[in-house]
Every structure is written in C-alpha cells, then in structure tokens.
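One structure below.
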Amino acid sequence: MLWRALLALISAFGLLAGPVNAQEREVGLELVLLADASGSIDAGELAFQRQGYAEAIVDPRVIAAIQNSLYGNIAVTYVEWATNTAVVVDWTIIDGPESAAAFADALAGPARQAFGRNAIGSALLEGKRLIEENDIFAPRGVIDFSGDSIGNSFGPPIEIARDEVLAAGITINALPILRPDDGRRAGSNLEEEYANRIIGGPGAFMVTAENRATFADAVRRKLILEIAGLTPDQMDLAEGD
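When we follow our numbering, the leftmost residue of the sequence shown carries the number 222, and every step to the right adds one.
Dropping the structure here:
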C-alpha cells in the first residue's frame, strides 16, 4: 500500500511540475515581419530591406515604445517570402537596446533562401503558423506584410488565406512599397489593393513606403504603431495633443 501511495504522489508531482517546465514565454506582442523576396526584388533591394528593418528596430523611439508597453517586451521574427518562405531571424524577444541590436545584427548574415514569383496567400498562412506553433504567448498576434506587388501566381488565393488568418484572431498590417519609376511594379493602385485585399483584423492599418529614401522611416513608424496598438490616425491625434 505504501509504494502505491508513493507512486501516486510522484505521478501527481509530475503532473504539477510538467506545465511549469513547459511554460510558455510571455510577451505583449508576437510580430511576424513578412518581407518581399520575390523576383521583383533583386539582391541589392533585399539587403536594403533588411537594413531598413535593422535600423528601425534599434531606433530609440522603437525601443522606448517597447519598454513603455504593458509587458515591456515583444517577440519578433523576420521572414522573407516568394514562391516559398524562409525564416531569416527566428523568434527573438526584444526588451531593450541589447536584444534589439542582436536581432538587427542577425538580419545581415543569412543568404537569400526565398526565390520565385509571388505566393502571398502561402506567405500569410506561414505567418499564421509561426505565431500559432511557437512557445510564446501574447495577447496580440500581428503579421507585418510588405511588398511591391499584389500578384499571387502560386498557392492558395489571397482572400482565402487572409480570411483564415483573421479567423485565428491575428491582425494583418501592410507596408506597400511604391516604385512609380519601374514599369514592372503594380502601379499607383498598390495601396488600394493592399487596403482591400491584404490588411484586416482589429486595428489593422497600412503605412506606405513612397521610395527607398523613406523606407526605414516607414518601417519605424509602423513598428511603433504595432507595438503601441495604435492606428496612424490615433497616433496623429496623440501627437497633436
């Protein structure tokens, strides 16, 4: 009888201890940075995009937004999309200048691993999977989608993928990259297309990168809004007070 009691006690302790050992990391926001690496993005532009995100994530205003948020931290992963998707920097918890700098430094190293034409639907679903299958808990999940076109030549339709992401409670924001001097790009209707077909969910918004010169500023502004849980209109009102 005694050994049975001891066995029951050990089993009960194991059940109690298991969840503690497997406890999820907790942050205020899970953010997937989903960057365009399709055929319209050459090697120089790919490096430029990574540099823009690296500069934005270490910006003192972004760090302040993170540290002043409810949890004081966020979890971020950087993923490039084309026909396939590739994780450039895995989930990283950023809570200050040192962790932000480590994330920025990690962006520079990996070789390009995403190739081919546009598969936006597949990319959105991969962002959803990355949020749902990690070991991190957050009250908000956001996919930060950037690109210079709206084509979808491979994989599920954008609308179906978008609906699935939104049904999971994940918000999609967008950063359309305008290239009016290049006839290969989607053209002047890109913002309208992204507004109608990409963004969605609570507080969803779009910030446009008008050109290369404003790309890092656009990324910085979008990160601050996402961290604070604000829309551009709300931030403009706050800054006007």
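By construction, the Cβ of each residue, glycine as well, lies at the ideal position given by its N, Cα and C atoms.
What first and last residue would you give for the alpha helix (DSSP H) that runs through residue i?
| i | result |
| --- | --- |
| L250 | Segment: none, L250 is in no alpha helix (DSSP H) and carries neither H nor E. |
| I420 | I420 -> no alpha helix (DSSP H), and no H or E assigned at all. |
| A258 | Taken as a continuous stretch (DSSP letters only), A258 belongs to no alpha helix (DSSP H), as it is neither H nor E. |
| I379 | 379 to 388 |
| P318 | 318 to 329 |
| E353 | 341 to 353 |
Where does residue i land, buried or exposed, given buried means 16+ other C-beta within 10 angstroms?
| i | result |
| --- | --- |
| A229 | Its pLDDT being 37, under 50, A229 is placed unreliably by the model, and nothing is read from it. |
| Q270 | buried |
| E354 | exposed |
| S370 | buried |
| P397 | buried |
| N339 | buried |
| S177 | Here the chain has residues from 222 to 462 only, and residue 177 is not among them. |
| R282 | exposed |
| L291 | exposed |
| F336 | exposed |
| R361 | buried |
Determine the DSSP secondary structure at residue i, reduced to helix, strand or coil.
| i | result |
| --- | --- |
| L396 | strand |
| D280 | coil |
| A303 | coil |
| T313 | strand |
| I287 | helix |
| T298 | strand |
| I448 | helix |
| A430 | strand |
| F436 | helix |
Would you kindly work out how many angstroms separate the C-alpha atoms of residue i and residue j, rounded to a whole number?
| i | j | result |
| --- | --- | --- |
| P318 | V297 | 14 Å |
| D384 | D257 | 21 Å |
| G293 | G372 | 37 Å |
| A238 | I314 | Since pLDDT at A238 reaches only 39, below the 50 mark, its modelled position is unreliable, and the value read off the structure follows with that caveat. For A238 and I314, the distance between alpha carbons rounds to 25 Å. |
| Q455 | M427 | 13 Å |
| A344 | V363 | 13 Å |
| L346 | Y415 | 16 Å |
| I441 | D280 | According to the sequence shown, residue 441 is Arg rather than Ile. Each residue's Cα considered, the two are about 7 Å apart. |
| A449 | I284 | 11 Å |
| N417 | L411 | 10 Å |
| L267 | V300 | 12 Å |
| I479 | D316 | Shown here, the chain extends from 222 to 462; a query on residue 479 therefore has no answer. |
| A323 | G330 | 12 Å |
| R433 | A303 | 20 Å |
| A275 | P378 | 31 Å |
| S320 | R333 | 23 Å |
| E413 | A430 | 14 Å |
Would you mind reading off the limits of the beta strand (DSSP E) that contains residue i?
| i | result |
| --- | --- |
| F366 | 362 to 368 |
Taking the alpha carbon of residue i as the reference point, which residue from the options has its own alpha carbon closest?
| i | options | result |
| --- | --- | --- |
| N394 | L252, D316, E247 | L252 |
| L255 | T392, D438, A434 | T392 |
| L351 | T304, G337, V309 | V309 |
| K349 | D365, G337, Q334 | D365 |
| G421 | D438, A437, A382 | A382 |
| V248 | A332, F358, A425 | F358 |
| L446 | F436, W312, G424, D326 | G424 |
| R288 | L250, P453, G368, P360 | For the record, residue 288 in the displayed sequence is Gln; it is not Arg. When each option's Cα is compared against that of Q288, the closest is L250. |
| S261 | G390, E245, D326, S367 | S367 |
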